[in-house]
Every structure is written in C-alpha cells, then in structure tokens.
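Asker: Residue numbers (the working numbering), protein chains in the order written: chain H, 1 to 286; chain Y, 1001 to 1286.
Each residue gets a CB set at the ideal place from its N, CA and C atoms; glycine is no exception.
Pasting in a structure now, in structure tokens, and then I'll have a few things to ask.
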C-alpha cells in the first residue's frame, strides 16, 4: 500500500479511473492465476481487487449481482438449472438461490482463492454457499462448458473479469457454441458486457460472436456500477431461440418474495430501455 | 499540472474518486468566484474543472444536460418561459432551445468566466447562445430569483455546482420559496440532486426543504454521469401543484424532432423507475 490513502484503478483502454479512500490493506494473496488484494475503505466497506482491477465492494456490489441474475431468471419462463462461469465472490450465486423454483446452481470459478477471500471479507455474499441446491466448484469454466451435458441447463451466467487474461476465452465463438449446446431450447446466456459508454464496440463484437454461435436474440441491459469503468455497466442476455427478450415474467418480478437493493420489476423495465446512442450503435449489429 | 498523466478528483464526503487520463492542461483562470481549469483528456475530449471538481467533459456531458432539461420540459404541459440558475457551460440552455415551443430561456450564472471558457473549449454547448429566445446573463441567481416577477416562469432549472461555496444558497427553503413565487401555477422546479447511492440524505433534505417552501409533488430521476461521484447522478423535479410527476407528454417525447444522445421517451420512463433502496429511502420523506 502506497502512502496515499486513496486506491485508484486506471482503466488504460478507456482513459478513465475510479478510486476509493482506503483505511488499510487487509489481505493479499497470489493465486496460481492472479493477485487478489482486499482493502478496507472509509465509505464503501471492503474492496476486492484482482490484478489491480476492482471487483466488488461491500456497499455497491448489489447493482451488478442483482442485474446479472434476476433479469435473466425472470426473462426465462421456468428456470430450474443454472450454471455460473466465474462468479467466485459468490454474490451472483446468492441472488440466483433467492428463487425458490431454481433446482440447481453450479458455480465454476477457476480460482479457489477468490472464494476463500470472499468467505472471509464478504461473508454476506457467501451466505448461500451451503444451500443444498448449490455446487461451488473450482475448475476451468471453458472446459466445464465444453463437457457439459447437451441441453442440461436453462441459464448460463458468465460472471467473469474483463476479456483479458484468464477470462479471455469466455468472450469468443467457441465458448459460446459450447454454451449453446449445453442450453435447453428455451435457454438463456447472460454475460457481463462492460461499459456501454466506453466499450460499445466490445458489446457489438460480443453480440456478433454470440450470433455466429447460433444464438437468435439479444438484449443489452445497462445499470449503474460505481466501481467499474465510467460507473455504468451492462449485461447482455442472449436467447437460443428467436424471441422478444424484453418480455419477462413481470407479475412474478413485481411480487418477488425476497429483498433486493436495486432490482425490481420497474427497474427491469427501465433496463430494457435504450439510450439514443445505444439504439443507434446496436442497430448496426444483427 | 502534476507529472502524472491522470487527473483525479477525490470526493472527500463520499470516499470515492473519479479520474481521466490527461494529455495536457489547456487553460486556467481564477475568476472572482472560483478557479476554472480546462484539460485535454485522451478519451473524453476536453474537461472543465471548477475548484478541483469536474464539471463537464466533451464526451459525456449529454447525460446530465439532457436529463436536466427534456425530462421536465416534457413533464410540463406547455412550457413557454424557462429560467436556468447556474448552467454557465450553456449545455442545458442548448437542450432547452431544441424545443420549438419554448418562447424564452434566461440563463443566470454568477460567473461569466465559466461561459467564456465554455465558448472556447466546449463550443458545441454554446451553439444556441445567440438564439433570439436566449438571454445569457451573469448575476447572482439567488437575487435574480428573489426579484423575478411572480408567476412569470413555467420551469426553473437549478443547474448548479455542489451545495458548498457559491451554490450553497441554492439548496435551501428561502431560495425555493422565491422559485415557488416565480413559477406559474403549473410550474416545475428542477434541481441536480447528486448521487442517489452516496448522498441519499441530501436528496431527502432537499425534498424536505422544497416541501417546506410549498412545493406539492416530487420525483427524483436517476441517470448515469461518469464524471460525477459514483458515476450515477440524479435530478429532482418538484411541482407547484399536487400532481403525478410520472405523467409526461410521452407521445411528444417519442416524436421529438431533435437529436439527443441519451434522452428519449423510453429513457424518461426508465428514469421514473426507482431502485428498491431509493423507494425505501424516499418513502421516509413527504
């Protein structure tokens, strides 16, 4: 830890930075895959940083975890079996398991140390890890998806780091083809899709590769996420079938029997609206 | 300019920071009110900083300016006369003047140097300054509103810096009472209302003071704004009458004859949806 009380992450490819005021560094571990650091911040609780990139804070991880899970789950008619690729902090797993009708959730992160650190410094994100419906495994998500039984999953959530380093193979046609095969006919793929302001070209490329792999319908949902570049993020949902991904189980979402901080039926509708510049950019893709 | 190629703003009261990668400092002026700096960034165009606080960048000011103007204008049945208090960069003025039915817009900023710098480094924001419907004046917005003719305005937009320093007097009951008097019976007050994540208590206090001044209806609309704390911002619309501020001229907004980057009818609806934590917090106010 330097002598400044602020920790900054400079996003070189977007030319923008985010920072938090730090009380102290709590922990650091070099796993076989990446360096994981934990800081205590003055205002945002604990902060996990992987290879210099902010992953989660205690106070504001809810935007991301809720939008990565509930939006797709309520877009699917009756999801039973879910796989999370990445997601080692277990926050997405926790959100998925809030749905009583979900039968199984496998979380496959390559790096066990991420989960060990989450258990210690973000215990609230791990509170459902022992749910009998949960399987927390540590393995290569690309291989896991390559070997998954055909038509065995309803939703695949790719909750990964940026498309560089260990996560690079989670953003291409070969991986999407394996996801396509593993999904049931009405299955959905969800992927974190970076900042719509800074990285619209990445969303365009991702949707293009998903389409090449056979996916028929696409929808990018923006949401705030203060600890990520520009403070504005998105997830992209892809459907195996041609369908309107703006249609979701609104009455179920409106009557959700669990507590959230951001997600509700109205915010789901809100995330389906597209700013003018996104409309123009995404019209250029299929 | 320091030897780092990054400019950071540390938001001391929120414990978070935003930064941009800088090519060079283009200009600096100390006005009678504040220090204004202009930087060239690598990815976000030019950046205006006032007393160390980021105000606008070329690339992403559209979120704020469009939401501060079009949302209220389409919420009013037929706005003719608008006053902007602050707004010296002229971006909100430009957006207001995109509405052909608007008859007059007075912009009253205390600091002429802000507008002079905007003319030089953000000329696109100033392109409507010579519109015959525009009056660009430099004076104390508090005094201007105190002396405004009763029931002479349809919309007042408070496009100010944070509630410290010169703008402090724009966030209290006395100022809101002057606004209340200056508005016609169906008039609307719009104020930038900081980050819903970091500063919900400020929104609660503001709505409380607006209510004490006589305003009857309130609505806080969140939107992304990467250069402001947490990257997530809001405007609060207050109505002189008791009315549903979620009702707006949706068909007009959907058929808007001018170009925007963020605002459209769908994004207006989206901004009216409230995250769970905001619903809970704002239920506590009137």
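Please report the distance separating the alpha-carbon of residue 188 of chain H from that of residue 74 of chain H.
Answerer: Using only the alpha carbons, I get a separation of about 11 Å.
Asker: Which residues in the same chain have their Cβ closer than 8 Å to the Cβ of residue 6 of chain H, if we skip the five residues on either side of it in sequence?
Answerer: Hits under 8 Å: 19, 20, 21 and 22.
Asker: Using only alpha-carbon positions, find the residue among Y/1084, Y/1046 and Y/1181 that is nearest to residue 1135 of chain Y.
Answerer: Among Y/1084, Y/1046 and Y/1181, the Cα nearest to that of residue 1135 of chain Y is on Y/1084.
Asker: In terms of residues, what are the limits of the beta strand (DSSP E) holding residue 222 of chain H?
Answerer: Where residue 222 of chain H is concerned, the enclosing beta strand (DSSP E) stretches over 217 to 224.
Asker: Could you tell me whether the Cβ of residue 18 of chain H comes closer than 8 Å to any Cβ of chain Y?
Answerer: At least one chain Y Cβ lies under 8 Å of residue 18 of chain H.
Asker: Nearest-angstrom Cα distance between residue 1127 of chain Y and residue 255 of chain H?
Answerer: Going by the C-alpha atoms only, they are around 48 Å apart.
Asker: According to DSSP, simplified to helix, strand and coil, what is residue 1104 of chain Y?
Answerer: Residue 1104 of chain Y falls in the strand class under three-state DSSP.
Asker: Counting only C-beta atoms, is residue 1094 of chain Y closer than 8 Å to chain H at any point?
Answerer: So no, residue 1094 of chain Y is outside the interface.
Asker: Is there at least one Cβ from chain H nearer than 8 Å to residue 1001 of chain Y's Cβ?
Answerer: Summary for residue 1001 of chain Y: the model assigns pLDDT 41, below 50, so the residue's position carries little reliability; its value from the coordinates is reported in the next sentence. Not closer than 8 Å to any Cβ of chain H, the Cβ of residue 1001 of chain Y fails to qualify, so no.
Asker: Note down, in chain order, every chain Y residue with its Cβ under 9 Å from the Cβ of residue 197 of chain H.
Answerer: 1059, 1060, 1063, 1224 and 1226, listed in chain order.
Asker: Here's a check: name, in chain order, each residue in its chain whose Cβ is nearer than 6 Å to the Cβ of residue 8 of chain H, leaving out the five neighbours to either side.
Answerer: The answer, listed in chain order, is 17 and 19.
Asker: Interface residues of chain H around residue 1043 of chain Y at Cβ under 8 Å?
Answerer: What residue 1043 of chain Y touches in chain H: 14, 15, 16 and 198.
Asker: Quick check on residue 1040 of chain Y - is its C-beta less than 8 Å from some C-beta in chain H?
Answerer: No, residue 1040 of chain Y does not count as interfacial toward chain H.
Asker: Would residue 1217 of chain Y and residue 1183 of chain Y qualify as a contact pair, given that the criterion is a beta-carbon distance under 8 Å?
Answerer: Going by C-beta atoms, residue 1217 of chain Y is not nearer than 8 Å to residue 1183 of chain Y.
Asker: Three or more C-beta pairs closer than 8 Å, one from the region 1050 to 1062 of chain Y and one from the region 30 to 39 of chain H: is that the case here?
Answerer: Flag = no, the region 1050 to 1062 of chain Y and the region 30 to 39 of chain H do not touch.
Asker: Helix, strand or coil, according to DSSP, for residue 1247 of chain Y in the structure here?
Answerer: Residue 1247 of chain Y: coil per DSSP, three-state reduction.
Asker: Residues of the region 248 to 277 of chain H with a CB closer than 9 Å to any CB of chain Y: list them in chain order, please.
Answerer: Under the 9 Å Cβ criterion, the region 248 to 277 of chain H contributes 259, 260, 261, 262, 263, 264, 265, 266, 267, 268, 269, 270, 271, 272, 273, 274, 275, 276 and 277.
Asker: Please identify the residue among Y/1011, Y/1070, Y/1228 and Y/1165 whose C-alpha is closest to the C-alpha of residue 1252 of chain Y.
Answerer: The residue with the shortest Cα to Cα distance from residue 1252 of chain Y is Y/1070.
Asker: Exposed or buried, residue 1046 of chain Y, counting other C-beta atoms within 10 Å across all chains shown (16 or more means buried)?
Answerer: Counting Cβ neighbours within 10 Å, residue 1046 of chain Y comes out buried, since at least 16 surround it.
Asker: Assign residue 1071 of chain Y to one of three DSSP states: helix, strand, or coil.
Answerer: In this structure, residue 1071 of chain Y counts as helix in the three-state DSSP scheme.
Asker: Distance, Cα to Cα, residue 1039 of chain Y vs residue 98 of chain H?
Answerer: Taking the straight line from one Cα to the other gives about 47 Å.
Asker: Hey, how far is the Cα of residue 1172 of chain Y from the Cα of residue 1210 of chain Y?
Answerer: If you take the alpha carbons of residue 1172 of chain Y and residue 1210 of chain Y, they lie about 8 Å apart.
Asker: Buried or exposed: which applies to residue 225 of chain H, given that a residue is buried once 16 or more other Cβ atoms fall within 10 Å of its Cβ?
Answerer: That one is buried.
Asker: Cβ of residue 230 of chain H less than 8 Å from any chain Y Cβ?
Answerer: Yes, its Cβ sits closer than 8 Å to a Cβ of chain Y.
Asker: Roughly how many angstroms separate the alpha carbons of residue 1195 of chain Y and residue 50 of chain H, rounded to a whole number?
Answerer: Approximately 26 Å between the Cα atoms of the pair.
Asker: Residue 1083 of chain Y bridges to which residues according to DSSP?
Answerer: Answer by DSSP bridge pairing, in chain order: Y/1106 and Y/1156.
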